[in-house]
Structures are given as C-alpha cells and as structure tokens.
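Using full-length UniProt numbering, the letters of the sequence shown map in sequence onto residues 1 to 233. No residue lacks a Cβ here, since even glycine has one placed at the ideal position from N, Cα and C. Structure, as structure tokens:
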Amino acid sequence: MSQTSDRVPRAPSRSGFLPIILREADVNGLPPAIADAVVRVESSYDPAAIGSVGEIGLMQVRPSTAAMLGFKGTPADLADPETNIRYGVRYLAQAWRLANGDLCRTLMKYRAGHGSEKMSALSAEYCRKAWLHVASVWEDRGENSDPSAVLRSAPQAAARHRLERATSDAVRPVRPSQRNILRSSHSLIAANRAQSADAWERSSGRARSQAFWAAHETRKRVLKQRFVSISMM
Numbered sequence: 001m002s003q004t005s006d007r008v009p010r011a012p013s014r015s016g017f018l019p020i021i022l023r024e025a026d027v028n029g030l031p032p033a034i035a036d037a038v039v040r041v042e043s044s045y046d047p048a049a050i051g052s053v054g055e056i057g058l059m060q061v062r063p064s065t066a067a068m069l070g071f072k073g074t075p076a077d078l079a080d081p082e083t084n085i086r087y088g089v090r091y092l093a094q095a096w097r098l099a100n101g102d103l104c105r106t107l108m109k110y111r112a113g114h115g116s117e118k119m120s121a122l123s124a125e126y127c128r129k130a131w132l133h134v135a136s137v138w139e140d141r142g143e144n145s146d147p148s149a150v151l152r153s154a155p156q157a158a159a160r161h162r163l164e165r166a167t168s169d170a171v172r173p174v175r176p177s178q179r180n181i182l183r184s185s186h187s188l189i190a191a192n193r194a195q196s197a198d199a200w201e202r203s204s205g206r207a208r209s210q211a212f213w214a215a216h217e218t219r220k221r222v223l224k225q226r227f228v229s230i231s232m233m
C-alpha cells in the first residue's frame, strides 16, 4: 500500500478471480464485498503469495486451517485459486457468523483465529484497509455508492449488476436471504470505531488515536458527500 495515500489501487488480475469470489460467497451466505476485500488485503490478488508462517495463496489460508475444514490435498493444491478461495471464504463465513455480522470482529477472527476476542492494533488496521478497498473499488468505477451500503446491499440485484459489468463474466445470482445481512451503517461504524479506538489507544497512545480517528472521520465525510447510498437507488 502507498505510504502517501489511503487509496487502494485496483489490482489488474482482480477480474479473473471475482466470479469465484462471488460464487463462494453465495454458497456460504457471506456478503461478496467482504470476501473480495480480504483477498485484496491478504495477497493483492497474487495466487503465488506465501505468508511468513506458511499461509498460502489468495486468501493466505494455512494448510492446518484448510484441513480442519475438510481439505485433504497438498500445499500446492491449496495454492490453486479456486480451491484457496473455497476454503478461505468458508473460514471467513464462519468468522462472520461468530462475530454476529460485525465487520471488524469478523476480520479479527479471520486473521487471528476464530477464538480471538481482542481487537489488536493489527486487526484494527486490517479492518481499515478492507473498508478502504470497498470504498476505492466503487469510487474507481464511478458508481454512486457509500462503502457501508456496498457491504449492506452487495448481494442485491443492483450491486450484482455492477459487479457483473466490472468483470464481463456471468455470475450466479445471490440468494435473497443474504439481503440486509449487515447491521445499519451507523451502528456498524460506531461499534467498529469503539473497538478499534480502544486497541489503538492502548498500543500507540491517546494522541495518535485521536489523530487516526479524525482522519478517518474526514475520509468518511468525503465519501458520503460524493456517493449516494445504493439502498436509495
């Protein structure tokens, strides 16, 4: 990520993996925007990425985690994009349910383990990057949307249409049962801000925390001014 900008550039290979991401998110009852953001943060859409402790592929899945979910292949098999996304999204969807639909807690449990309950500074930063990816993807496309509305409404027909146009690939329709799966954007932002600020203040000091959230609020206001919520379309 650039050290001078919070904007997350779109990776050239994203369109090749997005149909798989959408399909697996549908199968597992997960908003596709969350799965897409995790792939971006974990590997920048690089299927050959290898983590420092043995994480593999697009979603940086550990072989032991995949085995827990029923995977019986080799590490090379797990690097296959379709296989990697299948098990990564399955694990992410479980985290989503354990976190009761809270975005930052979902990502915390994905990166630190399902049993994790402490929002560390690293998990807070992970959530920030994921949120920015959702915003930048829609902004780059010139669509009128709010990041929170993208997450809340991504499974709906209007969002599916935008994703299909972006990839020029046919994708399976998303089940209506996924609609409105996220809590309202205001309560989500408030909850995530409270959790992240607490961890950030303990690790970096109150002044840094205040500066971080001031910048965050500024970015949020700019996005809301530029975009109209998908749910209003």
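Checklist entry - What is the C-beta distance between L69 and R90, in whole angstroms, given that I count them as a contact (C-beta under 8 Å)? => result Position 69 of the sequence shown, counting from 1, holds the residue named residue 69. Position 90 of the sequence shown, counting from 1, holds the residue named residue 90. Taking C-beta atoms under 8 Å as the contact rule, L69 and R90 qualify, at a distance of about 5 Å.
Checklist entry - Skipping 5 residues on each side, what residues in its chain have a beta carbon closer than 6 Å to that of R193? => result Along the sequence shown, one-based indexing puts residue 193 at 193. Bear in mind that the predicted position of R193 carries a pLDDT of just 48, short of 50, making it unreliable; the figure below should be weighed with that in mind. Around R193: no qualifying Cβ.
Next on the checklist: So, with DSSP's three-state summary, where would you put L223?
Outcome noted: The residue labelled residue 223 in the question sits at position 223 within the sequence shown. Low confidence applies to L223: its pLDDT is 49, below 50, so where it sits in the model is not reliable, and the reading given next is rough at best. L223: helix per DSSP, three-state reduction.
Checklist entry - In its own chain, which residues sit with a C-beta less than 6 Å from the C-beta of Y87, not counting the 5 before and 5 after it? => result Residue 87 sits at position 87 when you count from the first residue of the sequence shown. Hits under 6 Å: V61, A66, L69 and F71.
Item to check | Strand pairing of I50, partner residues [DSSP] | outcome: Taking the first residue of the sequence shown as 1, we reach residue 50 at position 50. For I50, which the question treats as bridged, DSSP gives the partners I56.
Item to check | Sequence-distant residues of its chain with Cβ nearer than 8 Å to Y110 (five each side left out) | outcome: As a working note, residue 110 is residue 110 in the sequence shown. The beta carbon of Y110 sits closer than 8 Å to the beta carbons of V38, Y91, L92 and A95 from its chain, once the five residues preceding and following it are set aside; these are given in chain order.
Next on the checklist: Is it buried or exposed, G54, if we count other Cβ atoms within 10 angstroms and call 16 or more buried?
Outcome noted: As a working mapping, residue 54 is identified with position 54 in the sequence shown. Its Cβ having fewer than 16 others within 10 Å, G54 is exposed.
Checklist entry - With distances taken from CA atoms, which of L22, I34, S44 and L30 is nearest S13? => result Looking up residue 13 in the sequence shown gives position 13. With distances taken between Cα atoms, S13 lies closest to S44.
Item to check | Proximity winner among N100, G101 and L58, relative to residue 256 (alpha-carbon distances) | outcome: Missing from the structure shown is residue 256; the chain here goes from 1 to 233 and no further.
Next on the checklist: For D26, report the span of its alpha helix (DSSP H) as first-last.
Outcome noted: Position 26 of the sequence shown, counting from 1, holds the residue named residue 26. Start and end: R14 to N28.
Next on the checklist: Only counting the same chain, and skipping five residues up and downstream in sequence, which positions put a Cβ closer than 7 Å to that of G51?
Outcome noted: Locating residue 51 in the sequence shown gives position 51, counting from the first residue. Spatial neighbours of G51 in its own chain (CB-CB distance under 7 Å, excluding positions within 5 residues in sequence) are listed in chain order as Q60.
Checklist entry - So does P19 have its beta carbon nearer than 6 Å to some heavy atom of the ligand NAP? => result Of the ligands one can find in the structure shown there are none, so the ligand NAP has no counterpart to examine.
Item to check | Spatial neighbours of Y126 in its chain, beta-carbon cut-off 7 Å, leaving aside the 5 residues before and after | outcome: On the sequence shown, residue 126 is found 126 positions in, with the first residue counted as 1. Excluding residues within five positions, the ones whose Cβ falls inside 7 Å are V41, L107 and R111.
Next on the checklist: I'd like the span of the alpha helix (DSSP H) that includes T65, first residue to last.
Outcome noted: For the purposes of this step, residue 65 is identified with residue 65 of the sequence shown, where counting begins at 1. Where T65 is concerned, the enclosing alpha helix (DSSP H) stretches over P63 to M68.
Checklist entry - At what residues does the alpha helix (DSSP H) containing K109 begin and finish? => result Here residue 109 is taken as the residue at index 109 of the sequence shown, counted from 1. Note, K109: alpha helix (DSSP H), L103 to A112.
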